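J.:
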Amino acid sequence: MGELLVQIIFVLAMVTPAMGVINLMLYWPLSRKVAANAPALSVLIPARNEEARITPVLQSVLASRGIDFEVVVGDDGSTDRTAEIVNRFAAGDDRLRLVTTPALPAGWMGKNHACHFLSTQASHRHAVFLDADVTLEPDALERIASEFARRPELKLLSGFPRQITGSFWEKLLIPLIHTVLLGYLPFPGVKFTNSPMFATACGQLIAVELKAYRDVGGHERIRASVHDGVMLPRDFRAAGHRTDLVDITGISATRMYENGPQVFNGLMKNAHEGMATPVGLPVWTTLLLGGHVLPPAIALWAWTSGVTGNTLHLAIAAAVLPWLMRFIMAARFRLSWLGALLHPVGVAVLVGLQWVAFIRRRAGYSVRWKDRPVG
């Protein structure tokens, strides 16, 4: 029985390192080569109560070089100094303007409504939807625009910015985005097929050709969703439009949350359209606990129980290899080393949060985000 258990755990543990090796080779950064015919971009930033974050974002975007661009910020019912700060920047730079997002209609998520409205304000054929906490390097827009120029068939481009973490819970949990993405999403399907099954983006930065965006219904079609990073590229692919996911660690950065409660609330906000579904949660629980949390315990048991031979070797490999892949990802994407060191603990907490979110939703509770209920 012990030998069979070790074999099962070994199979579960090998998913992430095996998939990770393949995916790391395919998740490449945007080329630095500038295309002569790179299109102009409209940078669309929905902002609600972002006075603490909006200044560095605007500074970074306005420092962009190499292409023509405009920046349109949508003030989505802010009650702080967000609009005042944006207007101060706009007074000194005619590439930036502030618009006021209309009142949120029933049935819409706030961000989706703001993005939909901003898409109607764009002056250019291509747009970048950018969260109000994401900063860009000076060549980021140029590289995004050049990719569209080189690949006319490409209609949506996205990637995960470098995740900056400060507090303990941020370091423990936020880097797991890369573990789940690169450890379980088959990138050959992302890169070499146009199947909606492999549609993936990051809502923090999504660049689109606006004609295709409007053809598929844009954010209006997914008005009630909290996962535009999944639903939007899925709609693009279902309509036959090409999408891609690239490594933008070197050209963008964000700090999504600043403390434990924000991390927990943010992860539970997205759970019901992510892992915490009636079908998905048991599967993810098995994959994550069996592949990352149980292997160190099983290896310790095998070592202290006098197990020898292939069974011991499998137990040790199951414990070490997923953990090693987490350290490789930490180095590649400049993620927290503390989080990597405590990797099994972080995975256990993540799974626990998904179950809390699932139970709370079934009990009728909703998460609040930006002073609005979610779900």
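Letter by letter, the sequence shown follows residues 499 to 873 of my numbering.
Don't be surprised by glycine CBs; every beta carbon is placed ideally from N, CA and C.
Quantities reported herein were computed from a predicted structural model and do not represent experimental measurements.
Assuming Ile826 contacts Arg753 (C-beta within less than 8 Å), just tell me the rounded distance between them.
T.: As a first step, residue 826 must be located in the sequence shown, where it is residue number 328. As a first step, residue 753 must be located in the sequence shown, where it is residue number 255. Going by Cβ atoms, the distance from Ile826 to Arg753 rounds to 23 Å, so no, they are not a contact pair.
J.: Kindly indicate which three-state DSSP category His811 falls into: helix, strand or coil?
T.: Counted from its first residue, the sequence shown places residue 811 at position 313. Reduced to three states, the DSSP call for His811 is helix.
J.: Whole angstroms are fine: how far does the CA of Ile672 sit from the CA of Met766?
T.: Counting from one through the sequence shown, the residue named residue 766 turns up at place 268. Counting from one through the sequence shown, the residue named residue 672 turns up at place 174. Taking the straight line joining both Cα atoms gives about 13 Å.
J.: Check this for me: beta carbons of Val706 and Leu743, under 7 Å apart or not?
T.: In the sequence shown, the residue the question calls residue 706 occupies position 208. In the sequence shown, the residue the question calls residue 743 occupies position 245. No, the Cβ-Cβ distance between Val706 and Leu743 is not below 7 Å.
J.: CB-CB under 7 Å to Leu840, same chain, minus the five flanking residues each way: which ones, in chain order?
T.: By 1-based counting over the sequence shown, the position of residue 840 is 342. Excluding positions up to five away in sequence, the list reads Leu670.
J.: Excluding the 5 residues preceding and the 5 following Ser834 in the sequence, name in chain order all residues of the same chain whose CB lies nearer than 6 Å to its CB.
T.: Numbered from its first residue, the sequence shown carries residue 834 at position 336. Closer than 6 Å at the Cβ level, and outside the excluded window around Ser834, lie Thr663, Lys669 and Pro673.
J.: With DSSP as the reference, please indicate the residues paired to Gly572 in a beta bridge.
T.: Sequence index remark: in the sequence shown, residue 572 carries index 74 (1-based). In DSSP, Gly572 forms a bridge with Pro544 and Val597.
J.: Taking a contact to mean a Cβ-Cβ separation below 7 Å, would you say Pro694 touches Arg735 in this structure?
T.: Taking the sequence shown and counting its residues from 1, the one referred to as residue 694 is at position 196. Taking the sequence shown and counting its residues from 1, the one referred to as residue 735 is at position 237. Cβ distance < 7 Å, so Pro694 and Arg735 count as in contact.
J.: Which same chain residues end up closer than 8 Å to Glu756 when comparing Cβ atoms and leaving out the 5 residues on each side of it in sequence?
T.: One-based indexing of the sequence shown puts residue 756 at position 258. Contacts found: Gly664, Ser665 and Glu668.
J.: Could you give the residue range of the alpha helix (DSSP H) that holds Glu640?
T.: Position 142 of the sequence shown, counted from the start, is the residue given in the question as residue 640. Element bounds for Glu640: Ala638 to Arg648.
J.: Could you tell me if Tyr863 is buried or exposed, where buried requires 16 or more neighbouring beta carbons within 10 angstroms of its beta carbon?
T.: Locating residue 863 in the sequence shown gives position 365, where the first residue counts as 1. Counting Cβ neighbours within 10 Å, Tyr863 comes out exposed, since fewer than 16 surround it.
J.: Which two residues bound the contiguous alpha helix (DSSP H) that contains Val678?
T.: Here residue 678 corresponds to residue number 180 of the sequence shown, with the count starting at 1. Taken as a continuous stretch (DSSP letters only), the alpha helix (DSSP H) holding Val678 covers Leu674 to Tyr682.
J.: Quick one: measure Cβ to Cβ for Phe856 and Ala774, integer angstroms, because I've assumed they're closer than 8 Å.
T.: Looking up residue 856 in the sequence shown gives position 358. Looking up residue 774 in the sequence shown gives position 276. About 4 Å separates the two Cβ atoms, so the contact holds.
J.: Which same chain residues end up closer than 6 Å to Leu680 when comparing Cβ atoms and leaving out the 5 residues on each side of it in sequence?
T.: By one-based count along the sequence shown, residue 680 stands at place 182. Excluding positions up to five away in sequence, the list reads Gly518 and Asn521.
J.: Does the Cβ-Cβ distance between Ile507 and Pro793 come in under 7 Å?
T.: Your numbering for residue 507 matches position 9 in the sequence shown. Your numbering for residue 793 matches position 295 in the sequence shown. Cβ atoms of Ile507 and Pro793: closer than 7 Å.
J.: In chain order, what residues of the same chain have a beta carbon less than 6 Å from the beta carbon of Glu548, not counting five sequence neighbours either side?
T.: Within the sequence shown, residue 548 is the residue found at index 50, counting from 1. Thr580 and Ala630, listed in sequence order.
J.: Can you give the Cα-Cα distance for Leu812 and Ala511, rounded to whole angstroms?
T.: Against the sequence shown, residue 812 aligns to sequence position 314. Against the sequence shown, residue 511 aligns to sequence position 13. So the alpha carbons of these two residues sit roughly 10 Å apart.
J.: Going by other Cβ atoms of all chains shown within 10 Å of its Cβ, with 16 needed for buried, is Glu645 buried or exposed?
T.: Position 147 of the sequence shown, counting from 1, holds the residue named residue 645. Label assigned to Glu645: buried.
J.: Can you list, in chain order, the residues of its chain whose CB lies under 8 Å from that of Arg593, leaving out five sequence neighbours each side?
T.: Taking the first residue of the sequence shown as position 1, residue 593 is located at position 95. Contacts found: Leu560, Phe567, Glu568 and Val569.
J.: Between which two residues does the beta strand (DSSP E) containing Asp742 stretch?
T.: Within the sequence shown, residue 742 is the residue found at index 244, counting from 1. Taken as a continuous stretch (DSSP letters only), the beta strand (DSSP E) holding Asp742 covers Arg740 to Leu743.
J.: Beta carbon of Ala710, beta carbon of Pro731: below 7 Å?
T.: Residue numbering aside, residue 710 sits at position 212 when the sequence shown is read from its first letter. Residue numbering aside, residue 731 sits at position 233 when the sequence shown is read from its first letter. No; because the gap between Cβ atoms is not below 7 Å, this pair is not in contact.
J.: Would you decide whether Gln852 is buried or exposed? Buried here means 16 or more other CB atoms lie within 10 Å of its CB.
T.: Numbered from 1 along the sequence shown, position 354 holds the residue referred to as residue 852. So Gln852 ends up on the buried side.
J.: For Arg860 and His770, I'd like the C-alpha separation in whole angstroms.
T.: Here residue 860 refers to the residue found at position 362 of the sequence shown. Here residue 770 refers to the residue found at position 272 of the sequence shown. When rounded, the distance between both Cα atoms is 10 Å.
J.: Cα separation between Val791 and His624?
T.: Stepping through the sequence shown from its first residue, residue 791 is reached at position 293. Stepping through the sequence shown from its first residue, residue 624 is reached at position 126. The alpha-carbon atoms of Val791 and His624 are separated by roughly 43 Å.
J.: Which of the three DSSP states is assigned to His624 in this structure?
T.: Counting from 1 along the sequence shown, the entry for residue 624 is found at position 126. Three-state DSSP puts His624 in a strand.
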